[in-house]
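Residue numbers (the UniProt record's numbering): 1 to 931. Don't be surprised by glycine CBs; every beta carbon is placed ideally from N, CA and C. Inspection log for the structure reproduced underneath, given as structure tokens.
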Amino acid sequence: VTSFIHAANKLISKNPCLRKLFLLCSSSVSSEAPLSRPQWEEISVMDERNTPMRTYQVCNVMEANQNNWLRTRHISREGAQRVYIEIKFTLRDCNSLPGVPGTCKETFNMYYYESNNANLWFIKESQYVKIDTIAADESFTQVDVGDRVMKLNTEVRDISNLSKKGFYLAFQDLGACIALVSVRVFYKKCPLTVLNLAQFPDTITGGDTALVEVHGQCVNASEEFEAPKMYCSADGGWLVPIGRCVCKPGFEENKDFCQPCRPGTYKASATDAYCTKCPPHSSSPQEQSIECTCEKGFYRAEADPRSMACTRPPSSPENPISTVNETCVTLDWSPPRDMGGRGDITYSIHCTKCSGDARKCTPCGSSVHFVPRQYGLSSATVLVTDLQPDSNYSFTIESQNGVSDLSPTLRGTVVINITTTQTVSVVLKERRSKDSVTLAWQGPERPNGAIVEYEVIYYEKNQREQNYTVLKTRSNMMTVEGLKPGTTYVFRVRARTDGGYGSYGGEIELETSHEGKKMNKSFPTILAVSVAGGIVLLIFLVTCFVVSRLQESVRTYIHPHTYEDPNQAVRDFAKEIDASNIRIERVIGAGEFGNETAVDHNNNTKRRSIYVAIKSLKAGYSDKQRRDFLSEASIMGQFDHPNIIRLEGVVTRCKPVMIITEFMENGSLDTFLKKHDGQFTVIQLVGMLRGIASGMKYLSDMSYVHRDLAARNILVNSNLVCKVSDFGLSRVLEDDPEAAYTTRGGKIPIRWTAPEAIAYRKFTSASDVWSYGIVMWEVISYGERPYWEMSNQDVIKAIDEGYRLPAPMDCPVVLHQLMLDCWEKGRSDRPKFGQIVTILDKLIRNPASLREGRTINHKGCIFSFHYEWLEAIKMGQYKENFSSAGYVSLESILYISISELAKMGVTLAGHQKKILSSVQSLQTQDSHVQV
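Structure (structure tokens):
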């Protein structure tokens with residue numbers, strides 16, 4: 001045994017780590033006087049460095065019933081709920097001991113006793129709690145001097161759920177040959193660490209496998225972004241980091257701590273990762289800056305982010321231009337050369353009215369109006385209206401941006417001085433005749449620039465003011481010729497300078513002379529001729545009266561291009577509206593010429609407001625563009641029908657030039673139908689189609705060809721009334737088969753246009769009927785695209801080969817048949833708009849026919865109606881009357897009346913009676929007609 005202990009000590013002395021553990025534990029281990037002797041023995045040896053070492057050994061294998069105990073002093077747990085015991089020992093194989101009885105053991109037991117008392121001298125055996133029975137993994141059989149066969153065993157056990165101040169350990173030998181070399185008692189903890197700028201302290205692990213939640217503390221100059229915490233695991237490792245800290249404003253992260261921002265940098269928010277360089281025109285001379293200070297003359301608005309460069313107010317607007325037109329002036333200017341580094345530039349207009357000596361100026365007040373507004377303008381133009389004539393005005397245009405209010409210096413301004421043109425004094429010359437009047441006038445005393453010309457307008461006193469004639473001259477007098485004798489005319493004169501038109505002078509009324517009435521010798525002859533002429537005239541008037549009773553007179557459309565002066569066409573057909581009566585409220589669309597706008601139109605006479613729509617002419621237009629733009633007003637002004645868009649008037653005397661029409665709340669028909677897909681009854685849809693057909697009949701009767709009839713050009717008001725619109729003139733056919741007609745409003749797709757119009761450019765009311773058939777298909781399909789995704793070239797080819805659009809879903813047969821009639825290849829085979837209106841009227845009066853499978857055709861329905869019955873009763877001369885009136889089928893004539901016959905032109909009572917008798921016989925035969 002002594003040799004064994006010596007060998008064990010020699011092995012431990014070669015391992016400094018084991019020697020340290022053994023020495024540490026040996027200081028807390030002592031031998032107690034056990035129950036019997038011999039017991040555990042302490043053997044002290046010197047290692048190779050002459051350091052004393054102690055071991056405890058027992059080897060009473062020759063005697064039976066051994067019970068040898070070795071106990072430690074009190075061991076403090078230091079807050080740990082779970083501790084670990086590591087023991088190192090050697091053990092002799094019982095078989096290697098000769099003569100040893102069968103009671104020899106190769107194991108020993110380990111116990112613990114938990115106690116708050118650190119000075120217990122005796123503990124009963126029954127009070128101990130067994131930890132485990134310890135067995136050697138390897139045992140030795142003999143002692144080799146070279147220690148080549150010496151085996152050192154290491155075992156680790158743990159104690160959980162400790163709650164008292166400390167505990168005692170005890171080792172029990174029951175008859176083994178053991179050498180206890182080292183006992184080490186320890187617990188585990190998660191070490192102090194810094195993660196995500198949060199410090200987590202040393203944390204002792206919990207009992208068993210429980211995780212300990214630990215809340216971290218933010219390190220220097222940092223703050224919680226989300227509460228930091230981690231979990232300490234049973235094996236002493238940190239798990240599941242949650243939350244983090246961030247460096248405060250003015251600090252940035254550097255590994256595990258926050259350092260201040262260097263001069264020239266800043267950090268405005270704790271959520272920013274790092275300090276950044278100061279933006280332009282700013283600096284930070286000190287550390288730890290949360291923002292950079294703007295340089296002198298530069299500013300940062302309250303709403304600007306701290307990362308934005310400091311900016312300054314803009315410079316003055318440039319190139320101011322004024323255009324005076326009577327009591328209106330248009331101010332235009334260019335943006336400032338220096339925008340101050342910002343994009344939120346706006347303009348404000350300040351107006352003052354000055355006296356003649358220009359020394360006393362007062363604000364213009366609320367009587368002057370600005371379009372679109374006076375302050376906060378985003379565009380570099382404004383229209384000023386309601387100025388006083390013969391007055392001096394000064395307009396200050398101020399440019400502003402988001403930091404203008406922060407600057408103590410004057411803002412960027414530019415001044416425009418204008419003088420409204422004085423009125424012209426008209427003086428009547430003594431000379432005047434039956435068909436001419438000579439006028440003379442005195443020009444303004446202080447004109448706004450050199451006078452370029454004078455404009456004279458005149459009109460008959462009893463006629464509308466819009467039907468006036470315009471004459472121009474460079475002289476200050478004029479003889480107006482071609483007047484009616486004995487007629488009173490109203491004359492007005494105004495001057496035009498380089499700055500624009502002045503206001504008209506006061507009205508002057510002049511009456512031409514009456515033609516002299518002298519009797520002479522030829523009076524009887526003259527009287528006879530006059531009587532004869534009167535008789536002829538009377539006969540002519542009676543004839544005209546009779547004709548007018550038989551045939552309704554038709555108003556004819558006048559093309560604006562027939563006017564030598566297009567402006568005269570506008571004056572003849574459109575009403576001039578004062579721009580000050582218009583208040584723009586919102587933009588509702590845009591086209592080639594300008595914006596379409598919803599406005600509130602104030603009528604000064606009746607003191608009421610109505611909503612209208614306007615089209616405005618874009619700035620920088622040419623004379624041709626102005627003529628083309630106003631041509632649409634000249635066209636619309638000739639129409640007066642409930643299904644044609646109504647022209648309210650025009651604005652031509654101020655900029656921008658505007659066309660004002662009635663406001664249609666529901667917009668274009670195609671968009672409206674797509675928005676309300678499937679929400680209308682068939683009768684409602686037919687009602688819409690009837691309104692469109694009625695409007696087109698009116699246009700056709702006036703000999704006007706629309707050439708651009710499509711659902712997109714039909715407008716719908718709040719009462720679902722459809723009105724035809726878009727009366728532009730410019731349409732050019734491209735050579736490319738994939739192209740379309742170019743119009744003012746854009747491209748007209750080929751799929752709406754009749755074949756002869758595509759091939760030969762022949763536009764007639766018949767080609768409008770073809771387009772109307774497409775509109776019918778659009779309405780019934782709720783705005784679906786005609787011919788779907790087919791190319792224009794495929795559409796042209798398919799139509800030429802006889803293809804026609806199929807009936808939309810749930811389309812009544814009668815409506816699709818009417819579409820097919822509109823798409824007849826021959827122009828003369830298509831129905832007239834009057835016939836279409838009649839057919840739709842009958843469908844509306846008899847809704848049941850929309851659900852039947854029979855069809856009504858303008859040439860004759862399923863009954864092959866070809867007016868043979870008229871020929872049979874020798875009334876064939878009235879075929880055209882019946883056709884024109886829309887009586888094109890057997891069903892349509894079954895309930896005809898005498899009054900309707902009279903309206904058709906069948907006025908003779910005998911003919912009326914003969915036709916009605918024939919119709920009655922047809923009624924009795926109706927049930928026998930073959931379908």
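- Taking 3 residues as the minimum length, the beta strand (DSSP E) runs contained wholly in the stretch 191 to 270 are 193 to 195, 198 to 200, 212 to 215, 222 to 232, 238 to 247, 251 to 254 and 257 to 260, in order along the chain.
- The C-beta distance from GLY340 to THR293 rounds to 18 Å, too long to meet the 8 Å contact threshold.
- In the structure shown, GLN172 falls within a strand segment according to DSSP collapsed to helix, strand and coil.
- Take ASN153, set aside five residues on each side of it, and the residues of its chain with a beta-carbon closer than 6 Å to its own are PHE89, ALA136 and ASP137, in chain order.
- Looking at the backbone, the Cα of SER771 and that of ASN717 are separated by about 22 Å.
- Taking all protein chains in view, the Cβ of ARG761 is surrounded by fewer than 16 other Cβ atoms within 10 Å, so the residue is classified as exposed.
- Contact annotation, ILE87 with GLU155: C-beta distance approximately 6 Å; criterion of less than 8 Å satisfied.
- The Cβ-Cβ distance between VAL452 and ARG494 does not fall below 8 Å.
- Contact between the stretch 262 to 275 and the stretch 235 to 254 is present, with at least three C-beta pairs closer than 8 Å.
- Closest option to ILE577, judged by alpha-carbon separation, among TRP441, THR652 and GLU114: THR652.
- By the Cβ test, the stretch 372 to 382 is in contact with the stretch 345 to 356, since at least three Cβ pairs between them sit closer than 8 Å.
- Annotation: the continuous beta strand (DSSP E) that includes HIS369 extends over 369 to 371.
- In the DSSP secondary-structure assignment, ASP158 is bridged to TYR84.
- For the pair LEU916 and ILE836, the Cα-to-Cα distance works out to about 24 Å.
- One thing to note: TYR489 has its Cβ within 8 Å of the Cβ of TYR459.
- Straight through space, the alpha carbons of HIS514 and SER616 are spaced by roughly 47 Å.
- Between the stretch 113 to 120 and the stretch 160 to 179 there are three or more inter-stretch CB-CB distances shorter than 8 Å, so the stretches are counted as touching.
- VAL493 sits in a strand when the DSSP states are folded into three classes.
- PHE573 and ILE799 have their alpha carbons spaced roughly 40 Å apart.
- Contact annotation: the stretch 277 to 286 touches the stretch 297 to 311, with at least three C-beta pairs closer than 8 Å.
- Nearest Cα to ILE635 within the set THR556, LEU685 and ARG373: THR556.
- DSSP places GLU291 outside both helix and strand once states are collapsed to three, so it counts as coil.
- Taking a C-beta distance under 8 Å as the contact criterion, ILE85 and VAL212 do not qualify as a contact pair.
- Contact check for VAL612 and GLU648: beta-carbon distance about 5 Å, within the 8 Å limit, so the pair qualifies.
- Going by DSSP, ASN392 is part of the beta strand (DSSP E) stretching over 392 to 400.
- With a 10 Å radius around the Cβ and a threshold of 16 neighbouring Cβ atoms, PHE122 comes out exposed.
- The alpha-carbon separation between PRO444 and ASP390 amounts to approximately 9 Å.
- When beta bridges are read from the DSSP output, VAL682 appears opposite no residue.
- Rounded to the nearest angstrom, the gap between the Cα atoms of GLY102 and TYR187 is 39 Å.
- Secondary structure of SER791 (DSSP, three-state): coil.
- In this structure, SER367 sits near ASP386, with a CB-CB distance shorter than 8 Å.
- The beta carbon of ASN220 is closer than 8 Å to those of PHE257 and CYS258 in its chain, skipping five residues each way along the sequence.
- Its chain contains ASN666, GLN684, GLY687 and MET688 as the residues whose beta carbon lies nearer than 8 Å to that of LEU720, once the 5 sequence neighbours on both sides are disregarded; these appear in chain order.
- Where GLY802 is concerned, there is no enclosing alpha helix (DSSP H), because DSSP gives it neither an H nor an E.
- Check the Cα spacing between ALA766 and each of MET904, ARG73 and ARG830: the tightest is with ARG830.
- Just so you know, the alpha carbons of LYS360 and VAL384 end up roughly 21 Å apart.
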